[in-house]
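Here the structure comes first, spelled out in structure tokens, and everything after it is commentary.
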Amino acid sequence: MRVPATHSAETAAVLAAFSDFLLQVGEGRHKVYRQLGRDYMKLPRSMLNDDPPEEEVDEDEVIAPFAIPSGLKRLIDVMYPDVNNLAIATDEYFANRTILTTTNVMVHRINDAVAARLVGDAHEYRSIDKLQDDEDWNFFEPEILNSVNINGIPPHKLTLKKGAPIMLMRNLNPDLGLCNGTQLRVVELKPNVIHAKIMTGERRGQDVLIPRIVFISDGNDASFPYQLRRKLFPVQTAFAMTINKAQGQTVHNLGLYLASSCFSHGQLYVALS
142 MRVPATHSAE TAAVLAAFSD FLLQVGEGRH KVYRQLGRDY MKLPRSMLND DPPEEEVDED
202 EVIAPFAIPS GLKRLIDVMY PDVNNLAIAT DEYFANRTIL TTTNVMVHRI NDAVAARLVG
262 DAHEYRSIDK LQDDEDWNFF EPEILNSVNI NGIPPHKLTL KKGAPIMLMR NLNPDLGLCN
322 GTQLRVVELK PNVIHAKIMT GERRGQDVLI PRIVFISDGN DASFPYQLRR KLFPVQTAFA
382 MTINKAQGQT VHNLGLYLAS SCFSHGQLYV ALS
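If you read the sequence shown in the numbering used here, its first letter stands for residue 142, the second for the next number, and so on.
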């Protein structure tokens with residue numbers, strides 16, 4: 142963690158307090174409230190949205206499309222208030238803000254919720270799915286394969302809008318700046334290619350064309366122990382990302398949505414850093 146220098150005594154005191162708080166979290170010294178549950182801690186009220194929500198959120202609950210908890214709606218209001226203002230919502234605007242959360246399920250929910258606010262028509266792409274081993278092909282109907290969701294592989298349906306920020310999920314061409322995690326912005330959505338502009342890094346501002354590629358699962362996922370072969374564009378909407386995906390990145394405007402507890406060592410520290 143790097144705490145910026147400041148010439149304001151008041152700001153310096155705030156930064157010093159936050160630095161101490163962050164070190165306590167990282168070193169496991171922060172107070173734990175056992176009455177709330179194992180390893181539960183309280184974040185400073187200054188880090189919370191006004192009037193924080195009290196509702197419990199079940200990630201697996203079935204909800205209507207784009208229906209989101211009120212607490213998440215308030216966070217989106219704070220993080221993306223000018224999403225349709227072309228004078229404000231520039232490439233830099235999207236590259237320097239994101240919402241972090243713990244799981245891919247919630248990432249998709251947040252991405253869908255913010256994308257719904259973008260003006261313009263949505264373009265839906267669907268993957269071509271089959272099993273890598275042809276001998277297993279007859280065991281599954283196409284609809285079953287379409288419903289399979291595995292970490293690291295995009296879902297069967299990819300819905301995008303012109304102007305939306307996206308992130309690459311695979312290394313396509315490192316020499317051209319197209320690496321896993323590269324942030325881009327959609328310029329045009331064509332039937333067989335996505336025209337996008339790189340938003341970060343040395344290739345910032347460069348126009349690129351992204352093709353469909355083949356994803357192959359390793360067959361070790363407990364929910365689907367077969368090698369799935371899925372052909373689709375290697376991108377996902379990037380209004381939000383998991384805490385693990387964000388490790389090592391620098392973001393100037395960060396929102397943190399903890400619908401479920403952090404579940405791996407150091408995850409909360411990474412998010413707060």
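From the three backbone atoms N, C-alpha and C, an ideal C-beta is built for every residue, glycine too.
This structure is a prediction, so every number in the text was calculated from the model and none was measured.
### Message
Helix, strand or coil for K386? Go by DSSP, reduced to three states.
### Response
helix
### Query
Helix or strand or just coil, what does DSSP make of T152?
helix
### Query
Between the region 357-375 and the region 288-301, do three or more beta carbon pairs fall short of 8 Å?
yes
### Task
Identify the continuous beta strand (DSSP E) that holds V328 and give its terminal residues.
324-330
### Task
Measure from the alpha carbon of L227 to the alpha carbon of each residue in K338, V260, V255, then state which is nearest.
V260
### Task
On the DSSP bridge assignment, give the partners of E265 in chain order.
T300
### Query
Just how far apart, CA to CA, sit T391 and R238?
9 Å
### Task
Tell me, please, whether the region 375-393 touches the region 248-256 by the rule of three or more beta-carbon pairs shorter than 8 Å.
yes
### Query
Name the DSSP beta bridge partners of L395, please?
T239
### Query
Looking only at its own chain, which residues have a Cβ that is under 8 Å from the Cβ of S149, when we skip the five neighbours before and after it?
none
### Task
Could you have a look at A254 and say whether DSSP puts it in helix, strand or coil?
helix
### Query
Where does M188 land, buried or exposed, given buried means 16+ other C-beta within 10 angstroms?
exposed
### Query
Would you report the Cα separation of Y181 and V173, rounded to the nearest angstrom?
5 Å
### Query
Quick one: any contact between the region 299-307 and the region 316-328, if contact means 3 or more CB pairs under 8 Å?
yes
### Query
Any idea what DSSP makes of D161, helix, strand or coil?
helix
### Message
Distance check for K183 and Q408, CA to CA, integer angstroms please.
### Response
15 Å
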